[in-house]
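Protein chains in written order, with this note's numbering: chain Y, 1 to 146; chain U, 147 to 292.
Beta carbons are placed, not taken as given, at the ideal position from N, Cα and C, and that holds for glycine.
The structure appears below as structure tokens.
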DNA sequence: TACATATAATTGATATATCAATTATATTTG
DNA sequence: CAAATATAATTGATATATCAATTATATGTA
């Protein structure tokens, strides 16, 4: 069986790219904000735009499962970026609020993220980005077909 | 600050794609092989092609850090897929050998991986794959620049 | 040679990933 | 309405991710 090495596949390139970007982005965030991971930042951004999101919905948006999201939000509540309170309209859910400390992060974070995206996409044309997205979507569709 | 939602960025698409592929691939592996993750399978493949690899080198190839690799190999040794022995030429390293049980996995695994790659890349042209790789490399280069 | 430095691997601490099972509450349906 | 089913969140168990500190061994250099 002459299987080419995993390192030669496109999946290697995809995975390596996202990991490099994550490291790059995390480094730039950590320089400015203490105790804030990319994913925690994403949770803040999503909640800021859509305060009514449930944990389950946030989890889907940031590609985590419910269990991970429960624990992530626990940590963020301990760190005082978020506050959980009972949702009397549906007592299975929580209302998740961004605290003042969380709002401070939201002042600092967006420009860093912008900067991260801009620098990591420098020299790449709109057309290339479209291409990229189209191809990635093809792969995703293929993987979804049971 | 009108930051577009994270879900609208290309990084969302990249991350989502690799996660979908991983789930898809893991599912197909699990159907045929017990107790074998994609990454453990990759370790077997790499070691099979390059038996002299150190843990550190394997770690780089599969994008893990040394600590994770130590623990991954611990697990694989416990599960009897691998065997560690002392490398008398450099006593800081180990010689890592694939056991018979590991070799059995290597008989079953490659066709599954081939199949996974083929089905997930169906309908995508060579040219598109090249494009994809070029663009991803640009991003990686940008992220590497300090 | 002796000491400083480098390297490979491990360990500890904490966070996250994942699956399965469980709890509490809502909703649907007979 | 009552029972069955569905949903949101949690918990437990185990693996992996990540960083910093540590151990053991090699290598470079005065």
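Candidates the options: closest to residue i by CA position
i                      : options                       : result
residue 135 of chain Y : U:283, U:277 and U:284        : U:277
residue 211 of chain U : Y:23, Y:43 and Y:108          : Y:23
residue 202 of chain U : U:267, U:269, U:252 and U:215 : U:215
residue 14 of chain Y  : U:208, U:187 and U:182        : U:208
residue 288 of chain U : Y:123, Y:45, Y:142 and Y:77   : Y:123
residue 115 of chain Y : Y:28, Y:19, Y:11 and Y:12     : Y:28
residue 75 of chain Y  : Y:9, Y:40 and Y:50            : Y:40
residue 156 of chain U : Y:38, Y:117 and Y:103         : Y:117
residue 177 of chain U : U:199, U:254 and U:236        : U:254
residue 252 of chain U : U:241, U:189, U:235 and U:200 : U:189
residue 242 of chain U : U:218, U:274 and U:198        : U:198
residue 80 of chain Y  : Y:101, Y:91, Y:88 and Y:71    : Y:101
residue 49 of chain Y  : Y:110, Y:12 and Y:91          : Y:110
residue 191 of chain U : U:258, U:283 and U:235        : U:258
residue 91 of chain Y  : Y:54, Y:126 and Y:73          : Y:54
residue 33 of chain Y  : Y:133, Y:125, Y:104 and Y:129 : Y:104
residue 275 of chain U : Y:88, Y:73 and Y:137          : Y:137
Coil, strand or helix - residue i by DSSP
i                      : result
residue 228 of chain U : strand
residue 95 of chain Y  : strand
residue 202 of chain U : helix
residue 275 of chain U : helix
residue 3 of chain Y   : Here the model assigns residue 3 of chain Y a pLDDT of 46, short of 50, so the residue's position is not dependable, and the following value carries that caveat. Here residue 3 of chain Y sits in coil by DSSP.
residue 15 of chain Y  : helix
residue 87 of chain Y  : coil
residue 114 of chain Y : helix
residue 124 of chain Y : coil
residue 73 of chain Y  : helix
residue 145 of chain Y : coil
residue 179 of chain U : coil
residue 9 of chain Y   : coil
residue 65 of chain Y  : coil
Residues that residue i contacts on chain Y, provided the C-beta gap is smaller than 9 angstroms
i                      : result
residue 247 of chain U : By Cβ distance, chain Y contributes nothing, its closest Cβ being about 18 angstroms from residue 247 of chain U, past 9 angstroms.
residue 290 of chain U : 20 and 24
residue 277 of chain U : 128, 131, 132 and 135
residue 159 of chain U : 132, 133, 136, 137 and 140
Contact check, residue i vs residue j, beta carbons under 8 angstroms
i                      : j                      : result
residue 131 of chain U : residue 93 of chain Y  : Given a span of 147 to 292 for chain U in the structure shown, any question on residue 131 of chain U remains unanswerable.
residue 228 of chain U : residue 244 of chain U : yes
residue 184 of chain U : residue 205 of chain U : no
residue 223 of chain U : residue 217 of chain U : no
Cβ neighbour criterion (16 or more within 10 Å) applied to residue i
i                      : result
residue 86 of chain Y  : exposed
residue 67 of chain Y  : exposed
residue 181 of chain U : exposed
residue 290 of chain U : exposed
residue 20 of chain Y  : buried
residue 147 of chain U : Note that residue 147 of chain U scores a pLDDT of 33, beneath 50, so its modelled location is shaky and nothing firm can be said.
Per-residue contacts from residue i into chain U (C-beta, under 9 angstroms)
i                      : result
residue 73 of chain Y  : Near residue 73 of chain Y there are no residues of chain U at all, since even the closest Cβ is about 17 angstroms away, more than 9 angstroms.
residue 117 of chain Y : 155, 156 and 157
residue 88 of chain Y  : Per Cβ cutoff of 9 angstroms: no residues; residue 88 of chain Y is ~28 angstroms from chain U at best.
residue 16 of chain Y  : 209, 282 and 286
Where residue i meets chain Y, residues with beta-carbon distance less than 7 angstroms
i                      : result
residue 216 of chain U : Under the 7 angstroms cutoff, chain Y gives no residues; its nearest Cβ is about 19 angstroms from residue 216 of chain U.
residue 179 of chain U : Those do not exist, as residue 179 of chain U stays about 15 angstroms from chain Y at its closest Cβ, beyond 7 angstroms.
Within chain U, the residues that residue i reaches when beta carbons sit closer than 7 angstroms
i                      : result
residue 122 of chain Y : 288
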